[in-house]
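Residue numbering for the sequence shown follows the numbering used here, starting at 1406 and increasing by one per position.
Let me begin by presenting the structure, written as structure tokens, before commenting on it.
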Amino acid sequence: MLILAGSIRLPADRLDDARPVMERMIAASRAEPGCLGYSFAADLLEPGLIRIFEMFTDEEALRAHSESAHMQEWRDAWEALGIGERQITLYGISRVEER
1406 MLILAGSIRL PADRLDDARP VMERMIAASR AEPGCLGYSF AADLLEPGLI
1456 RIFEMFTDEE ALRAHSESAH MQEWRDAWEA LGIGERQITL YGISRVEER
């Protein structure tokens, strides 16, 4: 399993403009084969900070996600939405225990 966790920043006054673009990208990502979870969350204490959490079954699923049309549409929107700072860390999980 692969987990991606991180954040993006955009001007707080652009969140309403970004929301429909993010919603389309998130819905399409969640429908992909191999996507186990995909969420964006606005940080309550830092306006304009969006926390990102993604889970994929394997590298093939993540590669397909990265190369998808909806991800390209999302990347194409960054400049217009003022998205500048992006930080994502990839974690490989070899074993998952449910508690």
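Backbone N, C-alpha and C define an ideal beta-carbon position, used for all residues, glycine too.
From a predicted model like this one, the values you see are computed outputs, not experimental measurements.
Asked, Found
"Inter-residue spacing [alpha-carbon to alpha-carbon] between D1463 and A1446", "24 Å"
"E1459: first and last residue of the uninterrupted beta strand (DSSP E) it sits in", "1454-1461"
"Residues that G1497 bridges to, as DSSP identifies them", "L1407"
"Element boundaries [alpha helix (DSSP H), containing L1467]", "1464-1471"
"Helix, strand or coil at I1488 [DSSP, three-state]", "coil"
"Spatial distance of C1440 from A1469 (CA atoms)", "10 Å"
"Proximity below 8 Å, CB of I1457 to CB of L1409", "yes"
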